[in-house]
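First up is the structure itself, then whatever we jot down about it.
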Amino acid sequence: MSVAHAAPAVPENLTWQGGSEPLKASYGKLMMWFFLLSDTFTFSALLITYGMIRFSQPAWEGTPNDFYFATTHWPIPEKVFEAVPFLHGMSLPLVFVGIMTFILIASSVTMVLAVEAGHRGDRKDVEKWMLWTIVGGFTFLGSQAWEWTHFIHGPEDLSIAAKQIIDGVSTPIEGANLVRNPYGPPAFADLFFFITGFHGTHVFSGVILNVLIFFNAATGVYERRGHYEMVEKVGLYWHFVDLVWVFVFTFFYLV
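If you want my numbering, it's the position in the sequence shown, counting the first as 1, plus 29.
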């Protein structure tokens, strides 16, 4: 007759306790990480597709000064995105998109400060930094709307507009859409609208979430709960959106 031996006791501080807080992350934060991981695959697929299409097209082989727009070669980004609001007729390559990038990164900094204030339980600072994050998000969306509008309608002053070559004839650029793209191969406009639009949708969703978090913080919801974990969870999403834009900026505007 065998005798069962009891398993040696394991000190409580050495057990994983993954059922409640795996790796010391709450259920909500863990689910946010899972969502961000899945979204990473989506953006990666889009950028990889852009890279494959981009390098399957002929590139401009001359000097930038001699560049002209045509469907026979991929456009140089700094020749397409060189306009800045209120500075009509001036060629400022990638200046405006650089300003957009700075605004979004700055909003990520204010989000860090909001999360830090939440850890301290400082309600007023959470409200302040969340408000600045919201302002940064709306400013970025407004800037992107202007960029889309300019891309669709073309240069405002057609007398000094860049030229495109159609059947050997030089014609002013009049803008692009999903049907035609005078800047280059049709795929260029398609990818621009889809990738930047998909990212812009994420930014808009993040701004809406930030507004809800700001409202809850201002009405004392998190103060009554005794913690500001929701600020941290939404902060993870906002940092992800900012990081993705760095890759979009690098792939689409610099390569």
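Think of the CB as a built atom: it goes at the ideal place given N, C-alpha and C, for glycine as much as any other residue.
Note that the coordinates shown come from a computational prediction; the quantities given were computed from them, not determined experimentally.
The continuous alpha helix (DSSP H) containing residue 245 extends over residues 215-247.
Fewer than three Cβ pairs drawn from the stretch 140-152 and the stretch 216-225 lie within less than 8 Å of each other, which leaves the two stretches out of contact.
Counting the other CB atoms within 10 Å of its CB gives residue 120 a total below 16, which places it among the exposed residues. In terms of Cβ geometry, residue 132 and residue 180 do not form a close pair [threshold 7 Å]. Check the Cα spacing between residue 246 and each of 84, 212, 154, 81: the tightest is with 154. The alpha-carbon of residue 279 is positioned some 11 Å away from that of residue 123. According to DSSP, residue 88 shares a beta bridge with 103. In this structure, residue 166 sits away from residue 137, with a CB-CB distance that is not shorter than 7 Å.
With contacts defined as CB atoms closer than 7 Å, residue 232 and residue 270 qualify as a contacting pair. Setting aside the 5 residues that flank it on each side, residue 104 is surrounded in the same chain by 98, 212, 213, 217, each with a C-beta closer than 7 Å to its C-beta; the list follows chain order. Within the model, the alpha-carbon separation for residue 156 versus residue 237 is close to 15 Å. Fully enclosed alpha helix (DSSP H) runs of no fewer than 4 residues occupy 124-149 of the stretch 118-166, in order along the chain. By the neighbour-count criterion, in which a residue is buried when 16 or more other Cβ atoms sit within 10 angstroms of its Cβ, residue 90 is exposed. Residue 70 is bridged by DSSP to nothing; it lacks a bridge partner. A straight-line Cα-Cα distance of about 11 Å links residue 129 and residue 113. Straight-line spacing of the CA atoms in residue 262 and residue 224 works out to 25 Å.
Pairing residue 252 with residue 227, the inter-Cα distance amounts to about 35 Å. Per DSSP, residue 258 is one residue of the alpha helix (DSSP H) stretching across 258-277.
Put simply, the backbone Cα of residue 260 is about 12 Å away from that of residue 57. Residue 93 sits in a helix when the DSSP states are folded into three classes. Between the C-alpha atoms of residue 254 and residue 145 there is a straight-line separation of about 17 Å. Between the C-alpha atoms of residue 143 and residue 66 there is a straight-line separation of about 23 Å. CA-to-CA, the gap between residue 95 and residue 178 works out to about 27 Å.
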